[in-house]
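A.B. asks: Under the numbering used here, the residues of the sequence shown are numbered 1 to 339, in order.
Glycine is no exception: its CB is placed at the ideal position from the N, C-alpha and C atoms.
Computed from a prediction, not measured in an experiment: that's the story for all the values here.
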Amino acid sequence: MPDVTPEVTTELDLTITDALQLNPRVDWAELAQTLGHTPKTLARRWKLLTERGSAWVAVVPGPAFVRHGCASFLAVQCRPQAKRDVARALVAEPAVATVSSTTGVADFLLDVFVPGFADLARLLDDRIERIEGITAVTSMVALTTYREGSRWRVQALDLEQSTRLQRSTPSTRRTAPPSLDDLDRTLLDILATDGRQSWTDLAARCGTTGPTARRRIERLVDSGRVALRCEGAPELLGPIVPTTFMMTVPPGDLNTAGNLLGRMPRCRVVEAVTGTSSIVATMWFRAAGEIAPFENALTREIPSLVIADRFITMHTYKRGGHVLDPHGRTADVIPLAAY
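1) Measuring straight from C-alpha to C-alpha, what distance separates D184 and L143?
2) Compute the distance between the beta-carbons of L261 and A281, then report whether it is under 8 Å.
3) Could you spell out where the beta strand (DSSP E) holding Q77 opens and where it closes?
4) Using 8 Å for Cβ pairs, my map puts L352 next to D13. What's the rounded Cβ distance?
5) Does the Cβ-Cβ distance between L188 and V221 come in under 8 Å?
6) With T316 and G328 assumed to form a contact (beta carbons below 8 Å), what rounded beta-carbon distance in angstroms separates them?
7) Skipping 5 residues on each side, what residues in its chain have a beta carbon closer than 7 Å to that of T169?
8) Taking 8 Å as the threshold (C-beta atoms), are L110 and T244 in contact?
9) S54: which of W152, L237 and I217 sits nearest, CA to CA?
10) Starting from the Cα of G275, find the closest Cα among N259, P239, W46 and A75 and give me that residue.
11) Between the C-alpha atoms of Y339 and P115, what's the straight-line distance to the nearest angstrom?
12) Would you call the segment 89-97 and the segment 112-126 in contact, with 3 or more CB pairs under 8 Å?
13) When DSSP builds the beta bridges, which residues end up paired with L324?
14) Going by alpha carbons, who is nearest to T145 out of V323, A272 and L157?
15) Helix, strand or coil, according to DSSP, for A95 in the structure here?
16) List the endpoints of the continuous beta strand (DSSP E) containing W152.
17) For S171, count neighbouring C-beta atoms within 10 Å of its own C-beta (all shown protein chains included) and say buried if the count is 16 or more, exposed if not.
18) Are the C-beta atoms of E11 and some chain C residue less than 8 Å apart?
19) Any contact of the segment 26-36 with the segment 98-106, i.e. 3+ C-beta pairs under 8 Å?
20) Determine the burial state of F73: buried for a count of at least 16 other Cβ atoms within 10 Å of its Cβ, exposed for fewer.
21) Return the CA-CA distance between R286 and T208, expressed in angstroms with no decimal places.
22) Counting only runs that start and end within the segment 238-308, where is the alpha helix (DSSP H) found for 4 or more residues in a row?
23) Within 10 angstroms of its Cβ, does P293 collect 16 or more other Cβ (buried), or is it exposed?
24) Mind checking which residues open and close the beta strand (DSSP E) that includes F108?
25) Considering Cα atoms alone, identify which of P303, G232 and I279 is closest to V141.
As structure tokens, then:
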């Protein structure tokens with residue numbers, strides 16, 4: 001993708017992004033009724049954003065993934081002179097959804113999704129730990145998802161607009177996670193390249209019909225096994241300081257802490273995990289100065305909670321399968337293979 005000077009973000013761009021975060025595949029005609037713009041205007045603005053890599057709809061594991069698959073956070077340490085090569089190797093792994101370089105003792109934090117624990121062991125033994133330059137890997141297996149990234153919003157809509165879009169969002173329903181066959185996996189791989197491509201185009205690329213493609217994808221989204229997530233680059237969303245906290249609470253306070261964190265607007269991800277910390281939570285702050293007041297307020301709210309460590313993201317190389325350029329724009333897609 002060419003290195004271009006970003007256009008000035010308009011309020012309409014943010015409004016469209018927020019709307020697609022609530023309902024990633026909403027029809028432009030339906031959205032026009034809520035936003036007060038013509039479908040042609042909305043489609044044109046979205047096309048400009050996607051062509052520049054400033055916004056996109058990704059296909060990612062949903063909140064129910066941990067019930068049938070294995071999600072894990074990895075903290076990776078490596079030799080200083082090997083960071084660039086290590087980052088490139090980690091980004092190339094289809095099981096690694098997100099790769100971020102961080103402050104603190106970990107050089108990289110990873111989000112990993114595989115079908116099961118045996119697959120995680122093989123990934124670590126045969127792939128990750130064999131990467132030249134890596135000196136240590138700490139894995140934390142997710143046990144419960146309190147919030148995942150598709151729920152984070154830029155919050156540009158008013159309450160009435162949000163309510164109208166939420167009512168038509170199918171992911172508010174939850175059914176038993178279905179088994180996947182070859183057609184499901186093909187549909188997900190192709191949809192990952194453009195989460196808003198039409199059902200007709202998706203079906204044609206997968207050798208099926210539009211109604212079948214729609215029914216299959218909506219079934220997976222409704223079950224929580226898969227999520228569609230509208231993402232944006234910093235030039236669209238504005239300054240963000242992603243910060244990941246390692247927290248410990250007594251078992252009796254785990255759900256209270258997880259649910260409290262998950263309700264916070266700045267919260268991106270909250271998981272109960274294995275390891276020395278019982279919770280991993282990522283918050284998207286607007287400035288580093290917000291971190292200390294957040295910690296103080298949180299520990300006052302839950303006195304038993306201990307913040308063991310925190311990592312500020314320096315650069316995100318990959319998010320939800322999308323490879324990002326130095327400006328945080330999507331430049332390529334490596335479909336995830338673990339659904």
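C.D. replies: Considering the structure as presented:
1) The sequence position of residue 184 within the sequence shown is 184, counting from 1. The sequence position of residue 143 within the sequence shown is 143, counting from 1. Looking at the two C-alpha atoms, the distance is approximately 25 Å.
2) For the purposes of this step, residue 261 is taken as residue 261 along the sequence shown, with counting starting at 1. For the purposes of this step, residue 281 is taken as residue 281 along the sequence shown, with counting starting at 1. It is a contact, given that the beta carbons lie within the stated cut-off.
3) Counting from one through the sequence shown, the residue named residue 77 turns up at place 77. Note, Q77: beta strand (DSSP E), C70 to C78.
4) As shown, the chain starts at 1 and ends at 339. That puts residue 352 outside it, with no answer to give.
5) Numbered from its first residue, the sequence shown carries residue 188 at position 188. Numbered from its first residue, the sequence shown carries residue 221 at position 221. No, the Cβ-Cβ distance between L188 and V221 is not below 8 Å.
6) For the purposes of this step, residue 316 is taken as residue 316 along the sequence shown, with counting starting at 1. For the purposes of this step, residue 328 is taken as residue 328 along the sequence shown, with counting starting at 1. So it is a contact: roughly 7 Å between Cβ atoms.
7) Position 169 of the sequence shown, counting from 1, holds the residue named residue 169. Its pLDDT being 46, under 50, T169 is placed unreliably by the model, and the measurement read from it follows with that caveat. Contacts found: L22 and N23.
8) Here the question's residue 244 lines up with position 244 in the sequence shown. Here the question's residue 110 lines up with position 110 in the sequence shown. Taking 8 Å as the Cβ cut-off, T244 and L110 do not qualify as a contacting pair.
9) Locating residue 54 in the sequence shown gives position 54, where the first residue counts as 1. Nearest C-alpha to S54: L237.
10) As a first step, residue 275 is located in the sequence shown; it is residue number 275 there, counting from the start. Comparing Cα-Cα distances from G275 to each of N259, P239, W46 and A75, the minimum goes to A75.
11) The count along the sequence shown starts at 1 and reaches residue 339 at position 339. The count along the sequence shown starts at 1 and reaches residue 115 at position 115. Near 7 Å, if we compare the C-alpha coordinates of P115 and Y339.
12) yes
13) Taking the sequence shown and counting its residues from 1, the one referred to as residue 324 is at position 324. Answer is T330.
14) By 1-based counting over the sequence shown, the position of residue 145 is 145. That would be A272, whose Cα lies nearest to the Cα of T145.
15) If you number the sequence shown from 1, residue 95 lands on position 95. Three-state result, A95: coil.
16) As a first step, residue 152 must be located in the sequence shown, where it is residue number 152. Looking at the DSSP string, W152 is not in any beta strand (DSSP E), and its letter there is neither H nor E.
17) As a first step, residue 171 is located in the sequence shown; it is residue number 171 there, counting from the start. With a pLDDT of only 44 at S171, under 50, the local geometry of the prediction cannot be trusted, and no value is derived from it.
18) Structure shown: chain C not included; a single protein chain is present.
19) no
20) One-based indexing of the sequence shown puts residue 73 at position 73. F73 is buried by the Cβ-count criterion.
21) For the purposes of this step, residue 286 is taken as residue 286 along the sequence shown, with counting starting at 1. For the purposes of this step, residue 208 is taken as residue 208 along the sequence shown, with counting starting at 1. Approximately 44 Å between the Cα atoms of the pair.
22) 254-262 and 291-301
23) Working through the sequence shown from its first residue, we reach residue 293 at position 293. Exposed is the call here.
24) Locating residue 108 in the sequence shown gives position 108, where the first residue counts as 1. Per DSSP, F108 belongs to the beta strand (DSSP E) from F108 to V114.
25) Indexing the sequence shown from 1 puts residue 141 at position 141. Looking at the Cα atoms, I279 is the closest of the given residues.
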